[in-house]
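Add 585 to the 1-based position in the sequence shown for the numbering used here, that's all there is to it. Built from N, CA and C at the ideal position, the CB exists for glycine as well.
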Amino acid sequence: MKLQLPGKAKYEAEIAVLCNRGIFSDHPDKIGAVRIYGGDGRAVLSMVEQARMLFDEYPEDCVSLGTAGVVVVEENGRKSQVADAIFCLAKGDGFSLLATSVDPDATRDLLGRLQRYATRLVRIDVP
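Spelled out as structure tokens, the structure:
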């Protein structure tokens, strides 16, 4: 899949996770606030755990999404535009991408919430 961030080059990604401000809701159901492309709960959980560790060590490597713009995801010839994304996590062949439009403290909180969400997805998948 191809991932296009506002004002950035296209990324060739295997898995991408996009979040909007709904991730900060106190309601545990994050459907609509978290969009997963090309992966399952286990893959997302692994990515988020890695992103949390990397963000704590290297916050300067985080890409800015800016305050406005549209993230475009092209998968299997279909394009979808996500106009309300405040966070993007992607993994491809030899790269990991963490992009956010919120401050570092909010990004840490968002990663924690996303990890809990992915953990719920894994638990639902386990027979």
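Going by alpha carbons, who is nearest to residue i out of the options?
i: Thr704; options: Glu597, Lys593, Gly662, Met632; result: Met632
i: Ala636; options: Arg701, Leu696, Gln666, Ile709; result: Leu696
i: Gln700; options: Glu634, Lys664, Gly651; result: Glu634
i: Val629; options: Ser681, Asp646, His612; result: Ser681
What residue range is occupied by the uninterrupted beta strand (DSSP E) comprising residue i?
i: Ala628; result: Run containing Ala628: none in the beta strand (DSSP E); it sits in the alpha helix (DSSP H), 626-642.
i: Ala675; result: 672-677
i: Cys604; result: 600-604
i: Ile608; result: From DSSP, Ile608 is part of no beta strand (DSSP E); its letter is neither H nor E.
i: Val667; result: 663-667
Can you have a look at residue i and say buried or exposed, based on whether 16 or more other CB atoms are within 10 angstroms of its CB?
i: Lys540; result: Only positions 586 to 712 of the chain appear in this structure, which leaves residue 540 out of reach.
i: Arg698; result: buried
i: Val658; result: buried
i: Gly679; result: exposed
i: Asp709; result: This sequence places Ile at residue 709; Asp is not what is there. It counts as exposed.
Within 8 Å, do at least three Cβ pairs link the segment 586-593 to the segment 658-670? yes
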